[in-house]
Amino acid sequence: MRFQDAAKDARAIVYAGIQADPVVARAAELLADATPAQRVLARAVMNGETLDPAGWRSMFPTLFGDDRDFGDDPDDPAGTRAVGAADRATRERAEAILTVSLAIADRGEQVRSQLRGALVEAITAVLLARRAGAAAVKRERRVLFDGVRAEIHPYDVTVERPGAAEAYDCKWGARGINADVLHQLDDARSHAADEDEVLRVALVVFDAERSCRVRLERQTAAHERTGLVAIETLHRLAAASG
Amino acid sequence: MTIAAAIASALAAYEALTSLGEDVEDEWTYVSDLSTAWNERLEGVRAARGDEPIETPARAAIERAIDEIGRISDPHRAIDWLSTFPQVVLVCLGEQP
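Going down the list, the protein sequences come from chains Y and E. Going by numbering that gives the first Met the number 0, the first residue of the first sequence is number 0, and it counts up by one from there. Going by numbering that gives the first Met the number 0, the first residue of the second sequence is number 0, and it counts up by one from there.
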C-alpha cells in the first residue's frame with residue numbers, strides 16, 4: 000500500500016483554489032473547537048436562505064442569549080426566565096462562527112457548496128493533525144495497491160503513518176453518503192488487509208448522526224467496517240483512540 | 000405557551016418541508032425515512048417535556064426557524080433542512096442536537 004498525490008487536472012486546480020480560500024481555514028479553526036450547538040449554528044447559517052445576523056442570533060438564544068437582552072419581555076422584565084443565557088466566551092465564539100458562516104453563505108450557490116465541502120475536509124485535517132501530527136495528514140491523495148486498478152477519485156484526507164494509516168471521505172450532509180463512496184472506502188480497507196496492512200477508513204459528515212444512520216440504513220454497499228464521524232462527534236478525530 | 004405547542008408548530012412546518020423535499024424523486028425514500036426519524040425525536044421531547052412552559056427566547060427562536068424554512072423553495076435545499084431544522088429546534092429547547 001502506498002499513497003500518491005492526485006492528478007492535477009482542471010477540476011483539482013479549481014478546487015485547490017476553493018480549499019485555499021482564507022475563509023475555509025478560519026472557519027475550520029473555529030469549528031474544530033466548537034460545541035455541537037455551535038456547529039448546528041454554522042450548518043444552519045451555511046444552509047440558510049437569509050443573511051441577517053440578528054435573525055440568526057435570535058434563532059440560537061442558548062448561544063447568544065444574555066439575560067440583559069431579555070428584559071423587554073413584559074412577562075419577564077427581569078429576564079430571570081431566560082434559558083441558557085450564554086456566558087461571554089460562548090457568545091464571542093458564537094459571534095465569530097456566525098460571522099465566518101455568513102461569509103460562506105454569502106457566496107453564489109455553487110461556490111458556497113464547494114466551500115462547505117472544503118470546510119469539512121479542513122476541520123478533519125485540523126483535528127487529525129492534533130493526534131497524528133501535521134506532517135502525517137495529507138489531502139487529496141490516492142491509495143495504491145499492487146495489482147489493483149487505482150480509484151479515480153482521491154481520498155479527501157489521509158493519515159499516512161506506517162502501520163496506522165487512515166483514509167477519510169468528507170461530506171457536508173448525510174445525503175452525500177452513497178454507494179460509490181462506501182465502496183471506495185471499504186475496497187481500500189480490504190485491499191490493505193490483503194497486503195497485511197491496516198487502513199482505517201471513515202466518513203466524516205457535518206450533519207447529525209441520526210441523519211447519517213438513516214442514510215446508511217438503506218445502503219447495501221459494505222460499510223460495517225467503515226467508521227462514522229458526525230457533527231456531534233468530530234472531536235473524536237483528535238482523540239487518542241481515534 | 001407550552002413546549003408541546005411549540006413542537007406542534009415546528010412539526011407542522013416540518014411536514015411542509017418534507018413535502019417540498021419529496022419533489023426530488025430520487026430521494027423520496029430518504030426524505031421519508033429522515034422525516035420519520037426526526038419526527039420521532041421531536042415527539043419524544045414532546046412526550047417528556049410537553050407540559051413545561053416554553054421560555055420567551057426559545058419560543059421566538061423556534062418561530063424564527065419556522066420562518067427560515069418557510070422561505071425555502073428549492074427541494075434540494077429543503078432536504079438539507081430536513082436534517083438541520085430539527086437540530087435547531089432541539090438546541091432551542093436545550094436538548095442535545
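Where is the CB? At the ideal position from N, CA and C, for every residue including glycine.
| Item | Value |
| --- | --- |
| Val213 (chain Y): contacting residues in chain E (beta-carbon distance under 9 Å) | Tyr29, Asp32, Leu33, Thr35, Ala36, Trp37 and Ser82 |
| Extent of the continuous beta strand (DSSP E) to which Glu21 (chain E) belongs | No beta strand (DSSP E) holds Glu21 (chain E); DSSP gives it neither H nor E. |
| Endpoints, the alpha helix (DSSP H) within which Thr55 (chain E) is located | Thr55 to Gly69 |
| Integer-rounded CB distance, given that Leu92 (chain E) should sit under 8 Å from Leu16 (chain E) | So it is not a contact: roughly 18 Å between Cβ atoms. |
| As assigned by DSSP and simplified to three states, the class of Val197 (chain Y) | coil |
| Chain Y contact residues for Ile78 (chain E), given Cβ-Cβ distances below 7 Å | Arg174 |
| Contact with chain Y by Val44 (chain E), beta-carbon distance below 9 Å | no |
| Terminal residues of the beta strand (DSSP E) in which Asp155 (chain Y) lies | Tyr154 to Val158 |
| is_contact[Lys7 (chain Y), chain E] using C-beta, thresh 9 Å | no |
| Amino acids of chain B, ordered along the chain, whose beta-carbon sits closer than 9 Å to that of Pro74 (chain E) | Looking for chain B here will not work: the only protein chains present are Y and E. |
| Amino acids of chain E, ordered along the chain, whose beta-carbon sits closer than 7 Å to that of Ser210 (chain Y) | Leu33 and Ser82 |
| DSSP state of Pro52 (chain E) mapped onto helix, strand, coil | strand |
| Burial state of Thr157 (chain Y) (16 or more Cβ within 10 Å) | buried |
| Start and end residues, alpha helix (DSSP H) containing Phe84 (chain E) | Pro74 to Cys91 |
| Integer Cβ distance of Arg42 (chain Y) from Thr83 (chain E), believed to fall under 8 Å | 6 Å |
| Backbone secondary structure at Gly226 (chain Y) - three-state DSSP | strand |
| Member of Y:Val110, Y:Phe2 and Y:Glu139 whose CA lies at the smallest distance from the CA of Ala121 (chain Y) | Y:Glu139 |
| Thr1 (chain E) - DSSP class collapsed to helix/strand/coil | strand |
| Contacts that Ser57 (chain Y) makes with chain E (C-beta to C-beta distance below 7 Å) | Ala59, Ala60 and Arg63 |
| Same chain only: Cβ atoms within 8 Å of Ala178 (chain Y), ignoring 5 sequence neighbours per side | Gln218, Thr219 and Ala220 |
| Bridge partners - Asp8 (chain Y), DSSP secondary structure assignment | For Asp8 (chain Y), which the question treats as bridged, DSSP gives no partner whatsoever. |
| Start-to-end residues for the alpha helix (DSSP H) that takes in Glu108 (chain Y) | Glu108 to Ala131 |
| Own chain partners of Leu89 (chain E) with C-beta closer than 8 Å, once the 5 adjacent residues on each side are dropped | Arg40, Leu41, Val44, Gln95 and Pro96 |
| Within chain E, the residues that Glu231 (chain Y) reaches when beta carbons sit closer than 8 Å | Gln95 and Pro96 |
| Cut-off 6 Å between Cβ atoms - residues of its own chain near Ala100 (chain Y), not counting five sequence neighbours on either side | The amino acid at residue 100 (chain Y) is misidentified as Ala; the sequence shows Ser. Taken in chain order, the residues that qualify are Ala41, Val44 and Met45. |
| Exposed unless 16 or more other CB atoms sit within 10 angstroms - verdict on Ile71 (chain E) | buried |
| Rounded C-alpha distance that separates Gln113 (chain Y) from Asp206 (chain Y) | 16 Å |
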